[in-house]
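Colleague: Chains as they are written, first to last, in numbering that gives the first Met the number 0: chain A, 0 to 312; chain B, 0 to 249.
Even for Gly, the Cβ is constructed at its ideal location relative to N, Cα and C.
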Amino acid sequence: MSRLLIIAEHDGRTLNQSTARCVACATAIAPAALDVVVLGSDTGAVAAQAAELAGVTAVLAVTNAASGSALAAILAPQVAALAADYDYVLAPSTTFGKDLLPRVAGLLGVPQLSDVMHVIGPRTFQRPIYAGNAIVTVEVPPGTKVVATVRGASFKPVSGGNTAPVRAVDVAAPLPTHTRFVELRSGKSDRPDLQTARLVVSGGRGVGSAENFSLLYKFAERLGAGVGASRAAVDAGFVPNDMQVGQTGKIIAPELYMAFGISGAIQHLTGIKDAGTIVAVNKDGEAPIFEIADIGLVGDLFEIIPEIEKRLR
Amino acid sequence: MQKIIVCLKRVVDYNVRIRVKPDGSGVVTEGLKMSINPFDEIALEEALRIREQGKAQEVVVVSIGPDDAQQQLRTGLAMGADRAILVQTTAELEPLAAAQVLHRVVEREKPELVLLGKQAIDDDCNQTGQMLAALWGRPQATFASRLELSESSATVTREVDAGLEVLQVDLPAVVTTDLRLNEPRYVKLPDIMKAKKKPIETLAIESLGVDIAPRLRVTRYEAPASRSRGMMVKNVDELVAALRDRGFVA
Ligand SMILES: Cc1cc2nc3c(=O)[nH]c(=O)nc-3n(C[C@H](O)[C@H](O)[C@H](O)COP(=O)(O)OP(=O)(O)OC[C@H]3O[C@@H](n4cnc5c(N)ncnc54)[C@H](O)[C@@H]3O)c2cc1C
Ligand SMILES: Nc1ncnc2c1ncn2[C@@H]1O[C@H](COP(=O)(O)O)[C@@H](O)[C@H]1O
């Protein structure tokens, strides 16, 4: 009778879709109990959203004034205390989960699996190494708690419609004061979120400047697409870091990914391996991106994007 | 502050294309170019800049690995680290064991700051720094793209999915680096010569009393499902037609 706990990711108001993807992974493990814990200073709204996810047994709402800004140092002791009752602890492989879960594993003294992409059996999983150039099958021996982050791009979010019970839970864990939240600077945009968008338009060093990126924003708006970028475009200051796609940025799986002025370095391709259709536009016919593109066009992005737009109805 | 510890992992160079052995027992690493994990090089650069600003006295580089990891420690010394510690083992450690070993070193050295890469580009685990912080009972600031120090605390800008998050952590603390924190310096020849005189202390891993036996079983390595080359279109008309065929544009 295995029991599984998922750590919900949220911003205090909205449950992040990464949680529904974790639930999908958890469903493949088929535990007897599949609980979601919402930690925060105000958990009501998020707990209600988590209760709707198909397959969830119960939602634990752990409300604590100190948990307002999702600091790993504050959340980890609470999760570690709850983990005593569970055989599995999962979190999304987002910056939230990557920051938090190893601290939990460290407190518990158990190993962690990062970026689970496939569930082979209840204790057997696949994960990528070497920027996705190799996939390993890993078994967690019986008696060892399974602590794992889940790669969102590999799992479709479960649907809603559930009405799991929400329980308020008190956790008596001493919380440190050595870590303080100062601020979050996020480039608010109305564009679809990169990690959930069905279509993504992405630009690289070839775009040339921050000003030139407006061409991509405009095009993305026409398509209803999210916008991503290569590391080179971020490093050059064309766009903010949260737009980076790749090994060290976001791993995404849109139905359509259109790469403009991106050469196709292995670290970038890692981020789009699970995309449905990859389109590449590059003026260099030898660019490695064409080796994996479903549709490739050699040419100048500054001529091609306006030409595509003209042909859209 | 007195001391910064920087953790350097010896990994296959990021430019090398990795191949899985035909029998699925591992990846081919024999004879490949080895380097300092790129994130760790950034961590070292940051530590050196802090020392050069007069805010730290000493930078110590630590690696857990085989004898050959001395090469990466030598590179670290040539970049400017003051001394090096090699915790010697031919075993591949899981991040938890690496964190436990590093914790022992940290207990002995008592640094005010420990810098690690956010992830090693071989195992791509992204765990060791956070685990070390948990074991040590100290703050962590992961994925740092900016680090400012005061007497007793550090203000760290972190690259997170939503943008940039700023944290303040009391020292001692663990910080893991992201790619945009800095650009590491090149090593100059005279520095390599000078580094030959700097000390590398070697510790047998057994002397630290950490159980390094793997806790997880890796049963198989395989190549990823590869995407194959699709079609090249000749012009924008064909491109738009292909997108329309697949229902992406009206
Ligand atoms: C540890 C590590 C982690 C990394 N992580 C990531 C990551 O997460 N994501 C990532 O993207 N990279 C990552 N990188 C960097 C990666 O190796 C490449 O350097 C980077 O992806 C290159 O970006 P780019 O393709 O935009 O630039 P370039 O390689 O410079 O390519 C620019 C391309 O634009 C084309 N071009 C120029 N002008 C035009 C035009 N007018 N029209 C059409 N095409 C044009 C050129 O032909 C060229 O192919 C990482 C590197 C390391 C070492
Ligand atoms: N064997 C090791 N020797 C030194 N540092 C290590 C070792 N393993 C991991 N680290 C540090 O921990 C970071 C994260 O590694 P990982 O958790 O394996 O992705 C690396 O960037 C290093 O700074």
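Rounded to a whole number of angstroms, what is the C-alpha to C-alpha distance between D189/A and G162/B?
Modeller: About 15 Å.
Colleague: Who are the Cβ neighbours of S199/B in its own chain at under 8 Å, not counting the five residues just before and after it?
Modeller: A small fix is needed here, since residue 199/B is Ile in this sequence, not Ser. So the qualifying residues of the chain are Q69, L72, R73, L76, R82, A83, I84, L85.
Colleague: Please determine, among A209/A, S201/A, T136/A, the residue with the shortest C-alpha to C-alpha distance to T123/A.
Modeller: Checked all of A209/A, S201/A, T136/A; the closest Cα to T123/A is T136/A.
Colleague: Does the distance from the C-beta atom of K20/B to that of L296/A stay below 9 Å?
Modeller: Their beta carbons are not under 9 Å apart, which means K20/B does not touch L296/A by this criterion.
Colleague: Can you find the residues in the same chain that come closer than 7 Å, C-beta to C-beta, to V248/B, ignoring five residues on each side of it along the sequence?
Modeller: So the qualifying residues of the chain are V239, L242.
Colleague: Suppose the cutoff is 7 Å on Cβ atoms and the five residues either side in sequence are ignored; what does the same chain contact list for T154/B look like?
Modeller: Excluding positions up to five away in sequence, the list reads E147, V165, Q167.
Colleague: If the cut is a Cβ gap below 7 Å, which residues of chain B does I28/A touch?
Modeller: Result: empty, since nearest Cβ-Cβ is about 16 Å, beyond 7 Å.
Colleague: Closer than 5 Å between the C-beta and any heavy atom of ligand 1: which residues qualify, listed along the chain?
Modeller: Residues flagged by the Cβ proximity filter: G203/A, R204/A, G205/A, S229/A, R230/A, A231/A, G245/A, Q246/A, T247/A, G248/A, G260/A, I261/A, S262/A, A264/A, Q266/A, H267/A, N281/A, K282/A, D283/A, A286/A, D299/A, L300/A, Y13/B, P37/B.
Colleague: How about K109/B and S62/B: do their beta carbons lie closer than 9 Å?
Modeller: Cβ atoms of K109/B and S62/B: not closer than 9 Å.
Colleague: Is the CB of I41/B under 9 Å away from at least one CB in chain A?
Modeller: So no, I41/B is outside the interface.
Colleague: Taking the CB atoms as reference points, tell me whether A224/A and G202/A lie closer together than 9 Å.
Modeller: Not in contact: A224/A and G202/A (Cβ atoms no closer than 9 Å).
Colleague: Would the stretch 93–109 of chain B count as touching the stretch 33–52 of chain B if we require 3 or more Cβ pairs under 8 Å?
Modeller: These segments do not touch.
Colleague: Which full runs of the beta strand (DSSP E) of 3+ residues lie inside the stretch 85–111 of chain A, going along the chain?
Modeller: 87–91, all fully within the stretch 85–111 of chain A.
Colleague: Report the partner residues of M257/A according to the DSSP bridge assignment.
Modeller: Its beta-bridge partners are V200/A, V278/A.
Colleague: Could you tell me whether the Cβ atoms of T175/B and L215/B are closer together than 9 Å?
Modeller: Taking 9 Å as the Cβ cut-off, T175/B and L215/B do not qualify as a contacting pair.
Colleague: What do you reckon, is the C-beta of G64/B under 8 Å from a heavy atom of ligand 2?
Modeller: Yes, the beta carbon of G64/B sits closer than 8 Å to at least one heavy atom of ligand 2.
Colleague: Quick check: the stretch 173–188 of chain B against the stretch 111–125 of chain B, are at least 3 beta-carbon pairs closer than 8 Å?
Modeller: The answer is yes - the stretch 173–188 of chain B touches the stretch 111–125 of chain B, with three or more Cβ pairs under 8 Å.
Colleague: CA-CA distance, F142/B and R50/B?
Modeller: Their Cα atoms are separated by approximately 21 Å.
Colleague: Relative to chain B, which residues along the stretch 155–188 of chain A have a C-beta separation below 7 Å, given in chain order?
Modeller: Per Cβ criterion, the list reads H177, T178, R179, F180, V181, E182, L183, R184, S185, G186.
Colleague: Between N331/A and chain B, is any beta-carbon pair separated by less than 9 Å?
Modeller: Past the edges of chain A, shown from 0 to 312, lies residue 331/A, and the structure says nothing about it.
Colleague: Cβ closer than 9 Å: which chain B residues qualify as neighbours of I307/A?
Modeller: By Cβ distance, chain B contributes V235, L238, V239, L242, V248.
Colleague: Compare the Cα-Cα distances from D67/B to each of K32/B, S149/B, G53/B, V59/B and report the closest residue.
Modeller: Out of K32/B, S149/B, G53/B, V59/B, K32/B has the C-alpha closest to the C-alpha of D67/B.
Colleague: Mind checking if L180/B is an interface residue toward chain E, Cβ cutoff 9 Å exclusive?
Modeller: Note that chain E does not occur in the displayed structure, where the protein chains are A and B.
Colleague: For a test of your reading of the model: does the CB of P110/B fall under 8 Å from any non-hydrogen atom of ligand 2? Yes or no.
Modeller: Answer for P110/B: no, Cβ out of range of ligand 2.
Colleague: Using 10 angstroms around the beta-carbon of N240/A, count the other beta-carbons present and answer buried if the total reaches 16, otherwise exposed.
Modeller: That one is buried.
Colleague: Roughly how many angstroms lie between the CA atoms of L222/A and T247/A, to the nearest whole one?
Modeller: In a straight line, the C-alpha of L222/A is about 27 Å away from that of T247/A.
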